[in-house]
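Just so we're aligned: the sequence shown equals residues 142 to 637 in this note's numbering.
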Amino acid sequence: MLPSFLITLLCAAAAVHAAVRRPIFPRRRHSRATNGAARAIQYRQSGTTITVDLSKTYQTIDGFGTSEAFQRAVQISKLPETEQRRALDLLFSTTNGAGLSILRNGIGSSPDMSSDHMVSIAPKSPGSPNNPLIYAWDGSDNKQLWVSQEAQHTYGVKAIYADAWSAPGYMKTNGNDANGGTLCGLSGARCSSGDWRQAYADYLVRYVQFYQEANVSITHLGFINEPELTTSYASMRFSASQAAEFIRILHPTLAKSNLSTIPAIACCDAEGWSSQASMLPALRSVDDMLGIVTAHSYTSSPTSPMQTPHRVWQTEAADLNGAWTSSWYSRGGAGEGWTWANNVYTAIVNANASAYLYWIGVQAGNTNSHMVHISSGNKVEASKRLWALGQWSRFVRPGAVRVATTTSTSGGAGGNLRIAGFRNVDGSIVVVVISSNAAAVNVRVGTGGGGVGSAKAWVTDNAREIGELAASFANGAASVDVPSRSMVTIMLYPGE
142 MLPSFLITLL
152 CAAAAVHAAV
162 RRPIFPRRRH
172 SRATNGAARA
182 IQYRQSGTTI
192 TVDLSKTYQT
202 IDGFGTSEAF
212 QRAVQISKLP
222 ETEQRRALDL
232 LFSTTNGAGL
242 SILRNGIGSS
252 PDMSSDHMVS
262 IAPKSPGSPN
272 NPLIYAWDGS
282 DNKQLWVSQE
292 AQHTYGVKAI
302 YADAWSAPGY
312 MKTNGNDANG
322 GTLCGLSGAR
332 CSSGDWRQAY
342 ADYLVRYVQF
352 YQEANVSITH
362 LGFINEPELT
372 TSYASMRFSA
382 SQAAEFIRIL
392 HPTLAKSNLS
402 TIPAIACCDA
412 EGWSSQASML
422 PALRSVDDML
432 GIVTAHSYTS
442 SPTSPMQTPH
452 RVWQTEAADL
462 NGAWTSSWYS
472 RGGAGEGWTW
482 ANNVYTAIVN
492 ANASAYLYWI
502 GVQAGNTNSH
512 MVHISSGNKV
522 EASKRLWALG
532 QWSRFVRPGA
542 VRVATTTSTS
552 GGAGGNLRIA
562 GFRNVDGSIV
572 VVVISSNAAA
582 VNVRVGTGGG
592 GVGSAKAWVT
602 DNAREIGELA
612 ASFANGAASV
622 DVPSRSMVTI
632 MLYPGE
């Protein structure tokens, strides 16, 4: 028999051992919703829980893109072949670049290629709008055809948006493709040479046909650019009612063109989001002919949805005047990548934009008007603006639908995050997270109702460009540590 004092010690030790083994929180079973509705998954962890609600949807995404208009494509073509390929990879590759999915071309109107002019496909006047246009197709289109062929056939880009800054000068009130002027024949625009409206519609359709003959499908067609602006380069004034008037001519011209792919009509690429919104009432009479609404971000930014039944594209934005920078974040400057990650977010989430295009992809010059710089040594250098756009474009693919997300924060961490969710056509789920936190924060991303089997994540910040980021996956949810001042894209893939 053990001494009484030893029995007492053994009993005390057993009690301590039992207390150590006892769980702090009782275990809970998670049950699936029986009504099929998505249910939030609650996680007991410091940070932010993001729940994707697939039942609540917003706009369809057509893509993200850029342009090589005004002979920027010529600049790429003059690079050594290895740098040409690197430039194109940076723009369009979904593995080595930004994976851009829209290319915007400029339809030329100039009689020549001096300076950076875009040469017309019919540079000489036929003398009268009743005479056939004199076409002079060079099979190059300021090298835009080559870039389009590469984009469409090498990289799988489907959306080619061809947009005219102006009609040829002989069709306009001022006799010049630059310095404003209006298309002869429109209301309030009489010319001694006659009514050139139908000739201009024929001109635009012939441009599309030339591309089709070169095995490139133009999917969207615009006839004006910044119609409220008079400037020293190709430009043409149009009011909203004049735009509607011309659409009534262009639409049937396209319909009888025998094109295998009839492009959607785009209008009107106004200088700013608010300017374009103000044009919409006059365009309602041609809603059944209009394909997409297009706007720029120079005089006003996309911060709220436009009142239109059509998808809306932000087709031109850039830091036009800032000195070239390739940085991600230093002080939140106008040309920094982090700034542009947020600009795109505001357009997509706050303004329901279906597409976002940065002005120029690749060019020489020392401003931020472009995303990829051609150096004096004919080398290409990508800016973080490109990678910011790529964090969207490589993962949010054409046809994706934006879906709702909800967040909950625990442990005093996880604020200052901008979050957007999407569901791709292939069923994968994309969650974009932009952090303005000064320190890393953990996020857990999931959906109710199952169907997710794995996850991956990628990050762009001061040190990385769409670099892989560690992501753990358990119980139907991904866990990712989002670095400070970064943009992270999380992919949830279908599975059991």
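Cβ coordinates follow ideal geometry from the N, Cα and C atoms, glycine included. Model, not experiment: these values are computed from the prediction.
Notebook entry, point to check: If you draw a straight line from the alpha carbon of Thr480 to that of Ser289, how long is it in whole angstroms?
Noted result: C-alpha separation (whole angstroms): 29 Å.
Note to self: Less than 8 Å between C-beta atoms, sequence neighbours within five positions excluded: which residues of the same chain meet that for Leu327?
What the structure shows: Arg338, Phe379, Gln383, Glu386 and Phe387
Note to self: Can you give me the C-alpha to C-alpha distance between Asp428 and Ser416, rounded to a whole angstrom?
What the structure shows: 18 Å
Notebook entry, point to check: Apart from the five residues just before and just after Ala482, which ones in its own chain have a Cβ nearer than 7 Å to its Cβ?
Noted result: Ala529, Gln532, Ile575 and Met628
Next item on the list: Report the partner residues of Gln504 according to the DSSP bridge assignment.
Entry: Gln504 is bridged to His514.
Item checked: Glu412, buried or exposed, once every other Cβ within 10 Å from all chains shown has been counted against 16 -> buried
Next item on the list: Answer yes if the region 575 to 590 comes into contact with the region 617 to 634, meaning at least three C-beta pairs across the two stretches below 8 Å, and no otherwise.
Entry: Yes, since at least three Cβ pairs between the region 617 to 634 and the region 575 to 590 fall closer than 8 Å, the two stretches touch.
Next item on the list: Could you tell me how far apart the beta carbons of Asp203 and Arg245 are, in whole angstroms, since I believe they sit closer than 8 Å?
Entry: That pair is no contact at about 12 Å.
Check: First and last residue of the alpha helix (DSSP H) that includes Glu354?
Finding: Glu354 -> alpha helix (DSSP H) spans Arg338 to Glu354.
Margin query: Checking the sheet assignment: what are the DSSP bridge partners for Phe364?
Written below: In the DSSP output, where bridge partners are listed per residue, Phe364 has none listed.
Next item on the list: Determine which residues share a DSSP beta bridge with Gly188 and list them.
Entry: Gly188 pairs with Ser551.
Check: Got a sec, what are the start and stop residues for the alpha helix (DSSP H) Val566 sits in?
Finding: Premise fails: Val566 is in no alpha helix (DSSP H) and is neither H nor E.
Check: Under the criterion of a Cβ to heavy atom distance below 7 Å, does Asp282 qualify as lining the ligand ADP?
Finding: The ligand ADP is not part of the structure shown, which contains no ligands of any sort.
Checklist line | Alpha-carbon to alpha-carbon, Leu610 and Ala214 | finding: So the two alpha carbons sit approximately 34 Å from each other.
Next item on the list: List the whole-angstrom C-beta distance separating Phe300 from Pro635, where the pair is believed to meet the contact cut-off of C-beta under 8 Å.
Entry: Here the sequence assigns Ala to residue 300, which means Phe is not the residue at that position. Actually they do not touch by this definition, with Cβ atoms about 25 Å apart.
Checklist line | Whole-number beta carbon distance between Gly478 and Ser524, since they are thought to touch under 8 Å | finding: 7 Å
Margin query: Assuming contact is defined by CB atoms lying nearer than 8 Å, are Asp282 and Phe211 in contact in what I supplied?
Written below: The criterion of a C-beta distance shorter than 8 Å is not satisfied by Asp282 and Phe211.
Next item on the list: Check Lys299 in the structure and name its three-state DSSP category.
Entry: Note: Lys299 maps to coil in three-state DSSP.
Check: Should the region 317 to 326 be called in touch with the region 290 to 298, which here means at least 3 C-beta pairs below 8 Å?
Finding: no
Check: Per DSSP, which one or two residues make a beta bridge with Phe205?
Finding: Tyr497
Notebook entry, point to check: Which class does Leu421 belong to by DSSP, given the choice of helix, strand or coil?
Noted result: In this structure, Leu421 counts as helix in the three-state DSSP scheme.
Note to self: For Val621 and Ser471, what's the separation of their Cα atoms in angstroms?
What the structure shows: 24 Å
Checklist line | Cβ distance (whole Å) where Ser373 is taken to contact Ala308 below 8 Å | finding: Between Ala308 and Ser373 the Cβ distance is about 17 Å, and since that is not below 8 Å, they are no contact.
Next item on the list: Taking the CB atoms as reference points, tell me whether Asn493 and Tyr302 lie closer together than 8 Å.
Entry: no
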